[in-house]
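Chemist:
There are 4 protein chains.
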Amino acid sequence: MIIVLKPQPTPEQIQHVLERIEDLGFTPHLSQGVSRTIIGVIGDERKLQATPLQAIAGVEQVIPVLKPFKLASREFRPEPSVFEVKGIRIGGGHLAVIAGPCAIEGEEIFLEIAEAVRAAGANVLRGGAFKPRTSPYSFQGLGEDGLKILKTAGDRLGMPTVTEIMDPRQLDLVCAYADMLQVGARNMQNFDLLKEVGRVDKPVLLKRGMSATVKDLLMSAEYVLSQGNHKVILCERGVRSFEDSTRNMMDLSAIPNAQGQSHLPIIADPSHATGRPDLIPAMARAAVAAGADGVHVEVHTCPEQALSDGPQALLPEPFAALVDDLRRLAEVLGRTIDACDGVAAV
Amino acid sequence: MIIVLKPQPTPEQIQHVLERIEDLGFTPHLSQGVSRTIIGVIGDERKLQATPLQAIAGVEQVIPVLKPFKLASREFRPEPSVFEVKGIRIGGGHLAVIAGPCAIEGEEIFLEIAEAVRAAGANVLRGGAFKPRTSPYSFQGLGEDGLKILKTAGDRLGMPTVTEIMDPRQLDLVCAYADMLQVGARNMQNFDLLKEVGRVDKPVLLKRGMSATVKDLLMSAEYVLSQGNHKVILCERGVRSFEDSTRNMMDLSAIPNAQGQSHLPIIADPSHATGRPDLIPAMARAAVAAGADGVHVEVHTCPEQALSDGPQALLPEPFAALVDDLRRLAEVLGRTIDACDGVAAV
Amino acid sequence: MIIVLKPQPTPEQIQHVLERIEDLGFTPHLSQGVSRTIIGVIGDERKLQATPLQAIAGVEQVIPVLKPFKLASREFRPEPSVFEVKGIRIGGGHLAVIAGPCAIEGEEIFLEIAEAVRAAGANVLRGGAFKPRTSPYSFQGLGEDGLKILKTAGDRLGMPTVTEIMDPRQLDLVCAYADMLQVGARNMQNFDLLKEVGRVDKPVLLKRGMSATVKDLLMSAEYVLSQGNHKVILCERGVRSFEDSTRNMMDLSAIPNAQGQSHLPIIADPSHATGRPDLIPAMARAAVAAGADGVHVEVHTCPEQALSDGPQALLPEPFAALVDDLRRLAEVLGRTIDACDGVAAV
Amino acid sequence: MIIVLKPQPTPEQIQHVLERIEDLGFTPHLSQGVSRTIIGVIGDERKLQATPLQAIAGVEQVIPVLKPFKLASREFRPEPSVFEVKGIRIGGGHLAVIAGPCAIEGEEIFLEIAEAVRAAGANVLRGGAFKPRTSPYSFQGLGEDGLKILKTAGDRLGMPTVTEIMDPRQLDLVCAYADMLQVGARNMQNFDLLKEVGRVDKPVLLKRGMSATVKDLLMSAEYVLSQGNHKVILCERGVRSFEDSTRNMMDLSAIPNAQGQSHLPIIADPSHATGRPDLIPAMARAAVAAGADGVHVEVHTCPEQALSDGPQALLPEPFAALVDDLRRLAEVLGRTIDACDGVAAV
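Chains as they are written, first to last, in numbering that gives the first Met the number 0: chain A, 0 to 345; chain B, 0 to 345; chain C, 0 to 345; chain D, 0 to 345.
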């Protein structure tokens, strides 16, 4: 940590800062230049972060040097983490292809979509039972009935499943039915929820908040890891921006950026990032070329009848063409996509 | 709702859209121009929003005409709402001056700060018992012990109190001790939490999310209102932007913007918006001049020892000078600040 | 300047950085901690900025400590600058009230608007002769004919005038007719234009770019100052954001933020910042309460017939009511608004 | 164009809007619903855009239906445009690989870099002679001397060249030496400059402004096209955002987004978008996978000595590895990269 003092600090101000640092158990290191006086702090600065040195009179800025996360960092674990869910590997060159409808709307339609995405090459099945809708008057999901349908489909097709959890009180229920828990963008900093999913033994798909930096995302992952659950899969899904022709702005640089700092896998969700079926395939291809450990794509057999986010769903046929593209790109780039080989579909 | 078709739609496409609209119980209204065909939909479009007409082949864009919120709107209630908490009126020209430390750190220090803000003219006392910290290693709040201290201080000083609730499971606890519930920026779209606070009979201070539009904020208020609790006080507290010299970007236009669309009071929090004590007084004055129904300011007697957000806290003396400024501005603008007149402090 | 090395640097890397710094004529100051090695650089770091120390192997980050501007800084000139244009003082507690139509459309209509804004209390007359329009098919301004009309109106009403310059080739022309030169948001980093207006002896109204930080704005001011023209008036006019209900997001914290770092006056333009007449008066009041050295408001007698930006223009009557409000706020805050007392209007 | 009236308009208001539309030569089309009255306007709405219908009393919003650009649109030209510069095709599946240093610093070093990028497979040579620097105290480029060096290198290596033009007064000079003109992000809305480059017969590389939407970028292209020069190559180079770990946020969705609306080629510049050599290769690969018509990469043989933007330059060796990757990706995706086969290097 580096403390920069304001111009012409008094000797008392300097002394006060030095004493505060020593009181906290750290060693200060004073450099007095012509224009500025700088104090370096030697020691594990993570312990210092709760201490508002910035508020001391005479201090101009406090510059952290170390990253504020630890368990999520490459320094803690240099090799990429690989997680396995029902035989599907995610991370370290193994790509997840997560697909399904936004919401589970009924058993028949869900099974139809599930079979279509499995046939196209998806290796994880998604579907929402609890839906975070911006309007209280919109369809809020089928709840436990939806979870049962998800499990039925996953079992029948031999596919691992993922679904969103929105409330700590849903934890036991969701864990009883799904193989992976999704924490949505709107809950990325719902710290109580993060702590709860940190106590179970299922992978957590953690989506980047709409105004979260990559560091914020890694700090939220750290919350989960700090509770004992080390299986976190990050997900870039677009952030808010001034560009009004797409639903969000997809920040693909977050993929190599997170991978450079963290061992955790990171996938990309072009459906929520763009909100536009005409852009989803190009952005899914781009994500894989950027090094993503997988993609998350919403698929529906009849988007115009979908109860949630229909306009951004791909039809099964273009989705299948996209998975073919992803496979060819993965091959060129030396990566693989595991296939589900449980009970046969159809 | 207006549906714009792509150039040169086929008669079948037009027919299909018209039928879908009629199936949903609405009356379509077709206009065929030289460059585009447009279909107006007559009826309460809020019922249509779950229906993804956008996904129909041949549809270029779907443009909503009505606002998606109802109970929060000026159309539902033309007069500004005024809420009273322990004798302090908020809204409709009555300003809240909410102040206190970020976190409740102990009884002695909290009472010291509470007395200071009351003496300076604050009329609502704030303090956090459950803290949403970006790092799992930072101080997380005193929990119920903190709530007890808050209640003790509020009772002793005759001040209404407000504190943050982060988790639906904290509802009974927080309601047992505090007069007003704060939903923080990070939970503005924690819809399960919104539903819970919508079931109690206490005012809810709803802070704008860091990437929420004014419409998003009003939709979150609508969640609370739709459950029966009509006492929502909105709060502008800055949004994320590219400007890196302030913690967030304070969007003061949100004040008149929300007031034009909604009857709900809206206050401003320059502490979180700027994160800089040198900017807080100017921005609090500006908020009142923009028409805010109050301000929310963090105050600490020793910012450099604060366990949370110390660098952005005002000292009691500049806070008192600020309240004086606000009173003079309020007078010029024809507004009032209620005083706490319960049991005298000190 | 502080140079943070990557973890475990080799002795050769450290040596190489130290040598590079010494080669450049500076004194390095080495601190080796447990987790990171830090090198402080003593000397005027502005000379170092062209040198990409960041690119040296083993360097993790380079953190500047000093501000990159000099002539614009409070350190260079602690007192606020006050500029006088035809008897109207701007800065240091003297407020500019700049008003007029977006574009000069003809002599009769311009004089009508000019008289209205003068009668309402405006003290600087604005009007565009060269218009930066996003569409090549929109009205581009009257050019020199417009400038002549501007001068005629300014002379007749005894008001100083300001108009936009878009191209270095327009310099002599614009200087021949106007008292103040405006550099628009889109040209804030048109460095050749900044250099040109830096060579004349007229005040420059420099508008903040739509994605410029406050520091960027001050750096652009520094361009003008560095050429010899020390009369720069900054202008906050909103920045791009995700909020889609206003034209831009007005960043009023830029007012006290710039004033804290720079002696230059800074005014606010709520017309371009919000694009909404229903928000302009509230935001103009807020700007003055935030400490702005003036406001810039577009006024038109018939907005629906305006050739440019009509929808955001105030009518003369609400503009006059606004100036009354500003006068009362200025009085409470100890500031003044100079009146034009040249040749009487009407 | 669709005009939505405020709730309960008076018959006079409706009549006034209808008359204004007819006065302008268009046919209005009235739809009166329960909640809102809507007026559709039939005709080429581009002619209406200068008319501020929004400002008419009783009008709530005016919604354009057609795109505001014409010559740049797919409707004007359905097939992708392909431009040839000295034998190198750009667009329609032919990728530009533009490389070179940020600034031309001297003949020897420039030739060294030029040979390196040509050997690696670049097919266009870049180098800046006029540099837009945020500080007036930074290196501003060699001017005409730099242009001469650029031409010498291009001739010797048989490579087409591109360099930035910042000021209309530089037009003849830059055209005398370079094969392609670059308009930088900061000048994307320097409309006088756009008009000037629209009058010459050289391709214009038009970079997206830091807060420009895709529509804004296409409108700026329209400026150039409207003057007669139909050779515009768009360039995504990142936009401003809250993410502070990269220089800008690269919006790769702009690639398929622009291509869907326009026939113009669009390339990507990961150097300026990320500012980080560790992210540039991944983002260049992603750009090609997203469908970009080329990449623009800064390369320097000694980044730590570069006079401008050194920290973001790739060394020749990783650049060569990147071009190999791009070639393999292009092949999988059915695209090609033309090679320079003029006078052999060295």
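Backbone N, C-alpha and C define an ideal beta-carbon position, used for all residues, glycine too.
Select from A:Ser34, A:Asn256, A:Met218 and A:Val116 the residue whose C-alpha is nearest the C-alpha of Lys66 of chain C.
Modeler: Of the listed residues, the one whose Cα sits closest to Lys66 of chain C is A:Ser34.
Chemist: Comparing the C-beta of Gly333 of chain A with each C-beta of chain D, is any distance below 8 Å?
Modeler: It does not: the Cβ of Gly333 of chain A has no partner Cβ on chain D nearer than 8 Å.
Chemist: Do Ala381 of chain B and Pro310 of chain A have their C-beta atoms closer together than 8 Å?
Modeler: In the structure as shown, chain B starts at 0 and stops at 345, and residue 381 of chain B therefore has no counterpart that could be examined.
Chemist: Pro167 of chain A and Glu195 of chain A - do their beta-carbons sit closer together than 8 Å?
Modeler: Going by C-beta atoms, Glu195 of chain A is nearer than 8 Å to Pro167 of chain A.
Chemist: Using a C-beta cutoff of 8 Å, does Arg284 of chain A count as contacting chain D?
Modeler: Yes, because at least one Cβ of chain D sits closer than 8 Å to the Cβ of Arg284 of chain A.
Chemist: How close, in whole Å, do the beta carbons of Ala319 of chain B and Ala152 of chain B come, if the pair is a contact with beta carbons under 8 Å?
Modeler: At roughly 18 Å, the Cβ-Cβ gap does not stay under 8 Å, so Ala319 of chain B and Ala152 of chain B are not in contact.
Chemist: Nearest-angstrom Cα distance between Gln188 of chain C and Asn186 of chain D?
Modeler: So the two alpha carbons sit approximately 8 Å from each other.
Chemist: If you measure between the beta carbons of Ala95 of chain D and Ile279 of chain D, is that distance less than 8 Å?
Modeler: Not a contact, by the Cβ cut-off of 8 Å.
Chemist: Please check if any C-beta of chain B sits within less than 8 Å of the C-beta of Glu74 of chain D.
Modeler: Interface residue, yes.
Chemist: Between Val64 of chain B and chain D, is there a C-beta pair that is closer than 8 Å?
Modeler: True, the Cβ-Cβ gap to chain D drops below 8 Å.
Chemist: Beta-carbon within less than 8 Å of Ala56 of chain A's beta-carbon, same chain only, minus the 5 sequence neighbours each way: which residues are those?
Modeler: Same-chain partners within the cutoff: Gln12 and His15.
Chemist: Under the three-state reduction of DSSP, which class applies to Gln139 of chain D: helix, strand or coil?
Modeler: Residue state, collapsed to three classes: coil.
Chemist: Pull up the distance between the alpha-carbon of Lys230 of chain B and that of Gly183 of chain B, whole angstroms please.
Modeler: When rounded, the distance between both Cα atoms is 16 Å.
Chemist: Among D:Thr245, D:Met248, D:Phe241 and D:Asn247, which one has its Cα closest to the Cα of Arg246 of chain B?
Modeler: Closest option to Arg246 of chain B, Cα to Cα, is D:Phe241.
Chemist: Verify whether the separation of the beta carbon atoms of Ser252 of chain C and Thr273 of chain B is less than 8 Å.
Modeler: Yes, the pair counts as a contact, with Cβ atoms nearer than the cut-off.
Chemist: Starting from His28 of chain A, find everything on chain C with Cβ-Cβ shorter than 7 Å and list it in chain order.
Modeler: In chain order: Ser30.
Chemist: Is it buried or exposed for Gly24 of chain B, if we count other Cβ within 10 angstroms and need 16 for buried?
Modeler: Exposed.
Chemist: Quick one: what does DSSP say Ala289 of chain C is sitting in, helix, strand or coil?
Modeler: Coil.
Chemist: Which of the residues in the region 168-189 of chain A, read from start to end, lie with their CB under 7 Å from any CB of chain B?
Modeler: Answer in chain order: Arg168, Arg185, Asn186, Gln188 and Asn189.
Chemist: Using a Cβ-Cβ cutoff of less than 6 Å, which residues in the same chain neighbour Asn122 of chain C once the five nearest sequence positions on both sides are dropped?
Modeler: Hits under 6 Å: Ile87, Val96, Asp337 and Cys339.
Chemist: In chain B, which residues lie with their C-beta within 7 Å of the C-beta of Phe82 of chain C?
Modeler: Near Phe82 of chain C there are no residues of chain B at all, since even the closest Cβ is about 22 Å away, more than 7 Å.
Chemist: Beta carbons nearer than 7 Å to chain D: which residues of the region 238-265 of chain B have them?
Modeler: Within the region 238-265 of chain B, the qualifying residues are Arg239, Ser240, Phe241 and Asp243.
Chemist: Sort A:Pro6, A:Gly90 and A:Asp43 by Cα distance to Thr335 of chain A and report the nearest one.
Modeler: Of A:Pro6, A:Gly90 and A:Asp43, the residue nearest in Cα terms is A:Gly90.
Chemist: Can the beta-carbon of Pro159 of chain A be found closer than 8 Å to that of Lys85 of chain A?
Modeler: Yes, the Cβ-Cβ distance between Pro159 of chain A and Lys85 of chain A is below 8 Å.
Chemist: Using a Cβ-Cβ cut-off of 6 Å (strictly less than) and excluding sequence neighbours within five positions of Asp69 of chain B, which residues of its own chain qualify?
Modeler: In the sequence under discussion, the amino acid at residue 69 of chain B is Lys, which differs from the Asp named in the question. Correct list, in chain order: Phe75.
Chemist: Beta-carbon of Val342 of chain B versus every beta-carbon of chain C: anything under 8 Å?
Modeler: Because the pLDDT at Val342 of chain B is just 46, under 50, the model does not fix this residue reliably, and the point stays unresolved.
Chemist: Which chain D residues sit within Cβ distance under 8 Å of Ser219 of chain A?
Modeler: The contacting residues do not exist; Ser219 of chain A stays about 15 Å from chain D at best.
Chemist: Looking at the C-beta of Asp277 of chain D, does it have a partner C-beta in chain A at a distance below 8 Å?
Modeler: Yes, Asp277 of chain D lies at the interface with chain A (some Cβ there is under 8 Å from its Cβ).
Chemist: Mind listing which residues of the region 282-313 of chain C have their C-beta closer than 9 Å to chain D's C-betas, in chain order?
Modeler: So the list reads His299, Cys301, Pro302, Glu303, Gln304, Ala305, Leu306, Ser307, Asp308, Gly309, Pro310, Gln311 and Ala312, given in the order they occur along the chain.
Chemist: Kindly identify the DSSP beta-bridge partner or partners of Pro27 of chain A.
Modeler: Its beta-bridge partners are A:Val40.
Chemist: By DSSP, does Glu74 of chain C sit in helix, in strand, or in coil?
Modeler: Residue state, collapsed to three classes: coil.
Chemist: Can you confirm whether Ala119 of chain C, when its beta carbon is compared against all beta carbons of chain D, has any partner nearer than 8 Å?
Modeler: Not closer than 8 Å to any Cβ of chain D, the Cβ of Ala119 of chain C fails to qualify, so no.
Chemist: Could you compute how far the alpha carbon of Leu4 of chain B sits from the alpha carbon of Tyr136 of chain B?
Modeler: C-alpha separation (whole angstroms): 54 Å.
Chemist: Which full runs of the beta strand (DSSP E) of 3+ residues lie inside the region 133-204 of chain B, going along the chain?
Modeler: Fully enclosed beta strand (DSSP E) runs of 3 or longer: 160-163 and 179-182.
Chemist: Under 8 Å, Cβ to Cβ, is there at least one residue of chain D near Pro6 of chain B?
Modeler: Yes - at least one Cβ of chain D is within 8 Å of the one on Pro6 of chain B.
Chemist: Measure the Cβ-Cβ separation of Leu172 of chain D and Leu146 of chain D and say whether it is below 8 Å.
Modeler: For Leu172 of chain D and Leu146 of chain D, yes; Cβs fall inside 8 Å.
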